[in-house]
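Going line by line, the protein sequences match chains D, P, V and R.
Residue numbers 1 to 347, in the numbering used here, belong to the letters of the first sequence in order.
Residue numbers 348 to 694, in the numbering used here, belong to the letters of the second sequence in order.
Residue numbers 695 to 1041, in the numbering used here, belong to the letters of the third sequence in order.
Residue numbers 1042 to 1388, in the numbering used here, belong to the letters of the fourth sequence in order.
First up is the structure itself, then whatever we jot down about it.
There are 4 protein chains.
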Amino acid sequence: MIRFNCDYQEAAHPRILERLARTGMEQMPGYGEDAMCDAARARIRALCEAPDADVQFLVGGTQANFTLLAAALRSYQGALAAETAHIAVHETGAVEATGHKVLTLPQTDGKITAAQVDGYCAAHYADEAHEHMVMPRAVYISQATELGTIYTRAELRALRKVCDKWKLYLYIDGARLGYAMAAEGCDVDLPFLARTADAFYIGGTKQGALFGEAMVLLNDDLKRDFRYVIKQKGGMLAKGWLLGVQFDELLRDELYFSLSAHAVRLAMKLKGALTEMGAAFLVDSPTNQQFPILPDAALAELGRNFSYSYQCRVDESRSAVRLCTSWATREADLDALIAELRRLLRK
Amino acid sequence: MIRFNCDYQEAAHPRILERLARTGMEQMPGYGEDAMCDAARARIRALCEAPDADVQFLVGGTQANFTLLAAALRSYQGALAAETAHIAVHETGAVEATGHKVLTLPQTDGKITAAQVDGYCAAHYADEAHEHMVMPRAVYISQATELGTIYTRAELRALRKVCDKWKLYLYIDGARLGYAMAAEGCDVDLPFLARTADAFYIGGTKQGALFGEAMVLLNDDLKRDFRYVIKQKGGMLAKGWLLGVQFDELLRDELYFSLSAHAVRLAMKLKGALTEMGAAFLVDSPTNQQFPILPDAALAELGRNFSYSYQCRVDESRSAVRLCTSWATREADLDALIAELRRLLRK
Amino acid sequence: MIRFNCDYQEAAHPRILERLARTGMEQMPGYGEDAMCDAARARIRALCEAPDADVQFLVGGTQANFTLLAAALRSYQGALAAETAHIAVHETGAVEATGHKVLTLPQTDGKITAAQVDGYCAAHYADEAHEHMVMPRAVYISQATELGTIYTRAELRALRKVCDKWKLYLYIDGARLGYAMAAEGCDVDLPFLARTADAFYIGGTKQGALFGEAMVLLNDDLKRDFRYVIKQKGGMLAKGWLLGVQFDELLRDELYFSLSAHAVRLAMKLKGALTEMGAAFLVDSPTNQQFPILPDAALAELGRNFSYSYQCRVDESRSAVRLCTSWATREADLDALIAELRRLLRK
Amino acid sequence: MIRFNCDYQEAAHPRILERLARTGMEQMPGYGEDAMCDAARARIRALCEAPDADVQFLVGGTQANFTLLAAALRSYQGALAAETAHIAVHETGAVEATGHKVLTLPQTDGKITAAQVDGYCAAHYADEAHEHMVMPRAVYISQATELGTIYTRAELRALRKVCDKWKLYLYIDGARLGYAMAAEGCDVDLPFLARTADAFYIGGTKQGALFGEAMVLLNDDLKRDFRYVIKQKGGMLAKGWLLGVQFDELLRDELYFSLSAHAVRLAMKLKGALTEMGAAFLVDSPTNQQFPILPDAALAELGRNFSYSYQCRVDESRSAVRLCTSWATREADLDALIAELRRLLRK
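Here it is as structure tokens:
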């Protein structure tokens, strides 16, 4: 079985494992208050051109999301998000478990627009009964989105503007941020994000690290006491330096960016091949997640040797599936996948 | 200003106020453990033909809803509800504040169907990632719904069946239960509800009481320790007998039913008159809430002397509004409203 | 059975019931946004000499407490309180249910001191691991306390000072505020409270109203969006004017104060009589709650005709109990109690 | 600086790091549903002689504790624990953040007794107002405790019995379980725990793993849907096999037990040396945490080269501190510590 169902099925890039092994018997202070975390923080601040940013490391994405939102929201406030947002669908109600409603908006290609946010907030405050409804106080988006698409600078600037208008935090889930930045035509880089968002995280788990996400806090209100919230929500790793070591290594010598570029290059190769074969796509994704629409019969056969992730039924005989490349994907495996797809679609 | 915007703008039926005045200086044990509450409980059990039902009194509807759901759900479970459900829209996220997600389904005339619930649950458990999604564990519906419509016996039986299939509690918000039972063609009565639901409440606030809702618990799992939950969620009235007294009086001599019948008769008079005038309706409601679609110009003028509740825009020049009758509506006031509408629509 | 076990066993003072009856069929806007609530608000602001205070009405004390604290605290913050505080003992963990820990301090006569608060906060922030502990952010006290004692101006000023030092809200539960202000030697009045606390409530339920507590918000941070929190936590009464009417009447013509004075006068009569009989007290209370220590045998017999509230065992043969007077206590009933106690203690 | 302040300042035992490195590029299914987790589960079941146990892996201890308690408790229920319990003191109110009160009992040497639990529950249910108080539903203890002490079989059997009597879950925090089992005189082993507790966890973070805790669920009620709770509370590691790999390795060839024995042997060497020097101890600990009482002057000087953890002031000139050995402690470092202590105490 060759796995293309997700982008977190290998442990970590060898450089990460080596660094971890090398620090194995050194003594370190706990909870992220060590020199390695500080080194990684400095690296991130420099890459983001954000000298005042606070950086805190968390173990995983769900944890990062609900921790940030719990820090941002008062009890009666909620976060606006696409109906396909990870926090709306695939976190077992983790945000609700902290008491906050996820306020969903219809999505287009996994994205929401400034106009939608503006409309929602305008309607909220225009309603005489607005005290009877959850107050929107944050916007959650993902870059890349759950459907592999990316926001442009123009779109993010518009979201920032509407967030300022309605006093909303703009928070960006960067589980696949590297893959987004590696996409052709992506004009959003780290300094832009740091200027635009109130908080975002640089994903490690899906991007070459063993585990870990680096939360970048730009807004002072979110920085204050954030570590209390991390601890309370179970996200404060005792051996915090494990996270610092990984991000320090990942962001050294552009490793993070070259791993991302590798994954996206292979994804584009797959996309090109599928297009050539005449396959349609659920969405036009420029990143490492591809959502081809394939005949059910072909999928059944494909599944014998290649794992994919089922997305949704498209019509009576076809379904959309997700195929992911990652930092770890071997080109030979991808070529085998393409060959198999070619064989199956030719039938 | 004559008010038709809601059905809770008068205090209480004179008989309720008299009973309260009469018991003013009697000494009573607190927290609903008194003879008056017991008398009201006995009356409700008899009306429901449910000798084993537990009955607990709460002050208001939002409180009743989140208290019941907090008692019913474990942390990772949620309640299915129409996207127009009161708990989904107008309770400031009270259910989410107790940690539980409201899982919304598209509505038709304010209602959801057994087939929708079945489809949702089937999809949930069929998904390999179902542990990453909130588990459906309850169905919340309202009788009458937020749009004034009512469920039939057949519909409720189908919901009960699908709830049994997927291990869901069926909970019915009866804020306007009397108005539903008074509707022409309503075949759902209290004994049927008691045989069909796991819990429901008999609304008092909108039905002639000063305040108060009577929660009827049929399922033993929900009865257990329910009073702990009431106390924790702030719903245990120190002078609990105030609730017992009111329900005892309201359910004596069919007062509850005759007050409901009065409101529905007047609502039908309004509906008939509007129909005659050629007005369309957002939904065909047989109960005390009517949702006519009216020209914006007429609405602006109407609002000078009659209050209504704005519902939604229908097209460029027309909006749907809510007009409510209640136990307290005077026929002369309704006639004045009809006359004014006639004048405005004739223009 | 003549009841002295608590101070909320009668419904309401006749003037309250009359006012409610009189407004029974008037039409009112809902949710506390009506002229009667505004009138009561104006009255309270005037009595407090606090023209900028926000006043919101809630149905009961537990609700008032957790709603205020939920509005005041971020997720990782807690409230300091005496180990005997109502929120620590008798609210089924309502504060914890909103996610916040009650941080208890040892009490003396039901009270905590500024020095205790100072010590707690100093130790918290001095601890390297303070991020691993709940951050104190509010002080909760009751006036009168759960043991009937009262704070002096000097004590409250000291608490205010230490709250300013450590950035703590000072919140005062005034379920029995009238009885406190009626106590001999009480130098704390409403204007002083309004100058000293961030929020406090004027209790109605135990002080002559049918139900209801008037929350007085002095700190702007607590005023903001407070009504959202009320709604979310189930405390927004649909017919909000019922609360306004009651407080308007209660605070008119000094009714509130004269009812309180009545209760305290009778309590002092009881205290004097018990002292004369040689009884000891658990605590020296100047308010309507008295905690005599009585022989178990006498208590058993007393319980046949007079209800009391069991407090705690004192030694092998004696227990402390609570005897309450209230606005509704008839002097003849109190005299009967004293006579019975005299008979029993003479044995 | 040689660190003795805690037992998690080195990354992981070399065998763990090697295994992780070896599996680095293998493809694995996510979320703990892989062959390596299953192998570790089988190993744990065998060691526990509990073929029906469910085993789930979590990243850290705070997370393990609040996840288990969230799964075990209904909203109005709390967990009994020593006032020194980790959940009561050092988890930033994580349990309260899930809505549950930690009900603290006075401790002796970090432990609570069956008699205390019995007394608490008897008093709870005997109180007429028990619905106004949090219902005890679980007992939380640590083995070894936060003060290094251990429970005996007899003590745990008594706790089990009282838990059965009052319907309480018995949950054991095993962050330092290996160190407890390695203590001289400890008669509690894994099979005994599995027969006695409803759930416990085998700590990895402090016992040689990079990170991770293995939750062993014995009670069927706790097994049900536990993975939903893990996901919701942020504890489901995407690359779950990282945890399986570590526990599989740690529990192979008795590595876990020999690492624990090493730490305890060194701790006893330290204890013996300190006793010889005439030092007193805060508590008589047979495990890897030692709490000597030392002169403040000596501590100040000690701190230049050796880190320790400040515990509490004992008198004007002396404090208790914590000195920890661990699986990673080098005997030469311990000898250096002993030599330095000897030098300082001789002064």
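Backbone N, C-alpha and C fix where the C-beta goes; we use that ideal spot for every residue, glycine too.
- Whole-number beta carbon distance between Ile1191(R) and Cys1227(R), since they are thought to touch under 8 Å: 5 Å
Exercise for the section: Can you say whether Cys1078(R) is buried or exposed, counting buried as having 16 or more other CB atoms within 10 angstroms of its CB? Expected result: buried
8 Å contact criterion, which Val1175(R) and Leu1200(R) should meet: CB distance rounded: Not quite, the Cβ-Cβ distance comes to about 20 Å (not below 8 Å), so this is no contact.
### Task
For Gln63(D), return the contacting residues in chain R, with the cut-off set at a CB-CB distance below 7 Å.
Gly1275
Taking the straight line between their C-alpha atoms, what separation do you get for Ala1026(V) and Ser1183(R)?
58 Å
Taking the straight line between their C-alpha atoms, what separation do you get for Phe920(V) and Lys111(D)? 33 Å
- Task: Specify the secondary structure class of Lys1152(R) as computed by DSSP and reduced to three states.
- Result: strand
So the candidates are Phe1045(R), Ile1043(R), Tyr1049(R), Arg1044(R); which of them puts its Cα closest to the Cα of Leu1251(R)? Tyr1049(R)
- prompt: For Cys380(D), which three-state DSSP category applies?
  reply: Coverage of chain D is limited to positions 1 through 347, which leaves residue 380(D) absent and any answer about it impossible.
Would Glu316(D) and Arg15(D) qualify as a contact pair, given that the criterion is a beta-carbon distance under 9 Å? no
**Item:** Cβ-Cβ separation, Leu862(V) to Ala832(V) (assumed contact under 8 Å), whole Å
**Value:** 6 Å
In chain V, what lies closer than 8 Å to Lys231(D) by C-beta?
Tyr770, Glu825, His826
| field | Buried or exposed (CB count within 10 angstroms, at least 16 for buried), Asn1346(R) | value | exposed
Discussion item. Are the CB atoms of Arg665(P) and Gln658(P) within a distance shorter than 9 Å?
Written reply: no
First and last residue of the uninterrupted beta strand (DSSP E) at Phe1252(R): That residue, Phe1252(R), is in no beta strand (DSSP E); it is neither H nor E in DSSP.
- Under 8 Å Cβ-Cβ, which residues of chain V neighbour Gly1151(R)? Residues of chain V passing the Cβ test: none, with the nearest at roughly 17 Å.
| request: Give me whichever residues DSSP pairs with Phe1322(R) in a beta bridge. | output: Pro1333(R)
**Prompt:** Which residue comes first and which comes last in the beta strand (DSSP E) that contains Val1203(R)?
**Reply:** First-last for Val1203(R): 1194-1207, but that is the alpha helix (DSSP H), not the beta strand (DSSP E).
*Can you tell which of Arg313(D), Ala21(D), Glu301(D) has the C-alpha that lies nearest to the C-alpha of Arg343(D)?*
Glu301(D)
Which same chain residues, not among the five before or five after Met875(V), have their C-beta less than 8 Å away from its C-beta?
Val882, Asp883, Leu884, Phe951, Ser954
### Message
Need the endpoints of the alpha helix (DSSP H) that Cys384(P) sits in, please.
### Response
382-395
Around the C-beta of Thr275(D), are 16 or more other C-beta atoms found within 10 angstroms, so that it is buried, or is it exposed? exposed
| message | Suppose you measure from the CA of Lys161(D) to the CA of Ala397(P); what does that come to, to the nearest Å? | response | 58 Å
#### Entry: Residue nearest to Gln56(D) in terms of C-alpha spacing, selected from Asn288(D), Trp241(D), Leu345(D)
Trp241(D)
> Once you ignore the five residues that flank Thr1237(R) on each side, which residues in its own chain have a CB closer than 6 Å to its CB?
Replying inline: Leu1197, Arg1201
Output, in sequence order along the chain, the residues in the segment 1047-1058 of chain R whose CB is closer than 9 Å to any CB in chain D.
Cys1047, Tyr1049, Gln1050, Glu1051, Ala1052, Ala1053, His1054, Pro1055, Ile1057, Leu1058
| task | Could you work out which residues of chain D lie near Arg921(V), taking near to mean beta carbons separated by less than 7 Å? | result | Glu131
Residues in the segment 1138-1167 of chain R having any Cβ partner in chain V nearer than 7 Å: Ala1138, Gly1140, His1141, Lys1142
Under the assumption that Ala1235(R) contacts Gly1245(R) (Cβ atoms under 8 Å), give the Cβ distance between them as a whole number of angstroms. About 18 Å; that fails the 8 Å criterion.
Item to complete: Kindly give me the distance between the Cβ atoms of Leu762(V) and Gly407(P), rounded to whole angstroms, as I take these residues to be in contact under 8 Å.
Response: In fact, because the Cβ distance is near 19 Å, the residues do not count as touching under 8 Å.
From the DSSP output, read off the bridge partner residues of Gly582(P).
The partner list for Gly582(P) (beta bridge, DSSP) is empty, contrary to what the question assumes.
Q | Given Cys1047(R) as reference, the closest of Val1158(R), Gly1189(R), Ala1123(R), Thr1133(R) once Cα atoms are compared | A | Gly1189(R)
Review point. Which term fits Gly119(D), buried or exposed, when burial requires 16 or more other beta carbons within 10 angstroms of its beta carbon?
Key: exposed
Margin query: Against chain P, does Gly93(D) count as a neighbour if the rule is that its beta carbon must be under 9 Å from one of theirs?
Written below: yes
* State the DSSP-derived secondary structure class of Asp1018(R), mapped to helix, strand or coil. => The requested residue 1018(R) is not part of the displayed model; chain R covers only 1042 to 1388.
Coil, strand or helix - Ser1301(R) by DSSP
helix
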